[in-house]
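Counted from 1, the sequence shown has number 213 at position 198 by the numbering used here; the numbering is strictly sequential.
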Amino acid sequence: MTVTAVAHPNIALIKYWGKQPLPGNVPATPSVSITLDSLTSTTTVSASDTDQIFLNGEATQDAKITACLEMMRAEFRISSVKIESENNFPTAAGLASSASGFAALITALNTFSDLDLSIQRRTVYARKASGSAARSIYGGFASLGGPDWIGRPVLERSEWPLKVVIAITDENRKSVSSSLGMKTSEETSPYFDAWVSSTAEDYAAALEAIEARDFERLAILSEASCLKMHGVMQSSLPAMIYWRPATLSCIHAVRDLRRDGTPVFFTIDAGPQVKAVCLPESVEKVEAVLGNIPGVIATHTVGLGEGARLLES
Ligand code: PMV
Numbered sequence: 016m017t018v019t020a021v022a023h024p025n026i027a028l029i030k031y032w033g034k035q036p037l038p039g040n041v042p043a044t045p046s047v048s049i050t051l052d053s054l055t056s057t058t059t060v061s062a063s064d065t066d067q068i069f070l071n072g073e074a075t076q077d078a079k080i081t082a083c084l085e086m087m088r089a090e091f092r093i094s095s096v097k098i099e100s101e102n103n104f105p106t107a108a109g110l111a112s113s114a115s116g117f118a119a120l121i122t123a124l125n126t127f128s129d130l131d132l133s134i135q136r137r138t139v140y141a142r143k144a145s146g147s148a149a150r151s152i153y154g155g156f157a158s159l160g161g162p163d164w165i166g167r168p169v170l171e172r173s174e175w176p177l178k179v180v181i182a183i184t185d186e187n188r189k190s191v192s193s194s195l196g197m198k199t200s201e202e203t204s205p206y207f208d209a210w211v212s213s214t215a216e217d218y219a220a221a222l223e224a225i226e227a228r229d230f231e232r233l234a235i236l237s238e239a240s241c242l243k244m245h246g247v248m249q250s251s252l253p254a255m256i257y258w259r260p261a262t263l264s265c266i267h268a269v270r271d272l273r274r275d276g277t278p279v280f281f282t283i284d285a286g287p288q289v290k291a292v293c294l295p296e297s298v299e300k301v302e303a304v305l306g307n308i309p310g311v312i313a314t315h316t317v318g319l320g321e322g323a324r325l326l327e328s
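Below, the structure is given as structure tokens:
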């Protein structure tokens with residue numbers, strides 16, 4: 016039997032950065048995200064004599080996928096498998112390929128191995144594999160918060176159909192993985208505790224802003240969460256500076272646009288790309304402004320996507 020699942024990356028508006036000193040990959044901060052459409056991870060699981068992993072057509076050893084299989088086998092009977100995963104966007108360049116990849120893998124394994132996991136339990140296993148993957152199990156707006164650290168749906172994509180203009184400023188693989196980066200921040204950033212304690216409030220306020228469709232409030236909270244997270248990254252030893260010069264130019268351009276009345280805000284994950292979140296009527300203006308910034312290689316405009324799902328074969 017062969018099972019194929021697809022999932023999309025998500026971008027956090029209230030960020031997760033850092034883990035609790037507990038087993039099971041438990042985040043130190045709650046997060047809220049939007050799942051994107053167009054960008055897709057497609058993962059096929061099939062029977063095999065030994066475990067084999069192919070990423071974008073190439074045989075590879077992937078420590079996180081191997082650890083995910085081990086984690087699942089500690090609880091379930093899962094035979095040797097061949098895993099083939101394709102991304103239609105750059106891998107590990109701050110476009111959350113691990114979120115979509117693991118959301119698709121858990122969804123495919125669930126059916127391939129007859130695990131019969133509820134959607135909430137799928138978020139838990141996705142989280143254990145890669146924290147942000149819990150949120151890609153859902154479409155639209157999703158959250159991941161304590162005390163149970165289960166992913167939850169917040170709004171369907173049709174309930175607030177925002178758009179995201181992604182400005183690509185560097186297509187290389189990122190130099191520091193999120194897991195290593197988080198550990199470095201936990202151990203060395205003097206701002207880490209303040210980041211963790213202040214995020215609970217941001218999370219509650221963002222959920223209210225989403226519920227009220229209050230774009231301006233969500234804009235302020237999201238940019239603040241992003242800049243706080245990058246402040247923690249930049250105050251770690253060694254410092255993680257994911258931004259390119261064009262990243263900073265995009266930040267200023269988005270702030271100028273909003274000051275002049277265009278509803279748009281920026282967010283940036285552990286990478287150099289800028290995601291400008293806006294209302295549909297502002298897309299053309301935002302694309303034109305970001306596309307003209309020196310150092311912006313391309314812009315891609317996406318909408319909000321569906322949750323992880325099986326592909327009919
Ligand atoms: O789940 P990971 O290991 O891909 O870490 C995600 C970290 C950020 O993308 C920077 C923030 C987030 O909440 O997605």
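No residue lacks a Cβ here, since even glycine has one placed at the ideal position from N, Cα and C.
Ordered list of beta strand (DSSP E) runs contained in the region 56-121, each at least 3 residues: Runs found: 56-62, 67-70, 96-102.
When you compare only the Cα positions, how much space is there between Gln288 and Ser53? Roughly 17 angstroms between the two C-alpha positions.
| Hey, quick one: how far does the beta strand (DSSP E) through Val180 stretch, first residue to last? | Element bounds for Val180: 178-183.
Handout entry: Beta-carbon spacing of Asn25, Ser151 below 8 angstroms
Key = The Cβ-Cβ distance between Asn25 and Ser151 falls below 8 angstroms.
Thinking just about the alpha-carbon of each residue, which of Thr203, Gly322, Ala144 is nearest to the one in Pro392? Only positions 16 to 328 of the chain appear in this structure, which leaves residue 392 out of reach.
Task: Rounded C-alpha distance that separates Phe205 from Val247 - done: The amino acid at residue 205 is misidentified as Phe; the sequence shows Pro. Cα-Cα distance, rounded: 8 angstroms.
message = With H, G and I counted as helix, E and B as strand and the rest as coil, what does DSSP make of Ser128?
response = In the displayed model, Ser128 falls within coil according to three-state DSSP, outside both helix and strand.
So, at 7 angstroms on beta carbons, what are the nonlocal neighbours of Asn125 in its own chain, with the 5 sequence-adjacent residues on each side left out?
Same-chain partners within the cutoff: Leu132, Arg137.
- At least one CB of chain B closer than 8 angstroms to the CB of Glu223: is that the case? Of the protein chains in the structure, only one exists, and it is not chain B.
Counting pairs of Cβ atoms below 8 angstroms between the region 151-161 and the region 288-298, do you hit three or more? The answer is no - the region 288-298 does not touch the region 151-161, with fewer than three Cβ pairs under 8 angstroms.
Inside the region 173-261 only - beta strand (DSSP E) runs reaching at least 3 residues: The region 173-261 contains these whole beta strand (DSSP E) runs: 178-183.
Buried or exposed (CB count within 10 angstroms, at least 16 for buried), Arg172: So Arg172 counts as buried.
>> Buried or exposed, going by whether 16 or more other CB atoms sit within 10 Å of the CB of Arg228?
In response: Burial call: exposed.
Subject >> Identified DSSP bridge partners for Arg167 >> reply: Arg167 is bridged to Ser158.
Review point. Among Pro42, Pro278, Asp64, which residue has its Cα nearest to the Cα of Ser194?
Key: Closest option to Ser194, Cα to Cα, is Pro42.
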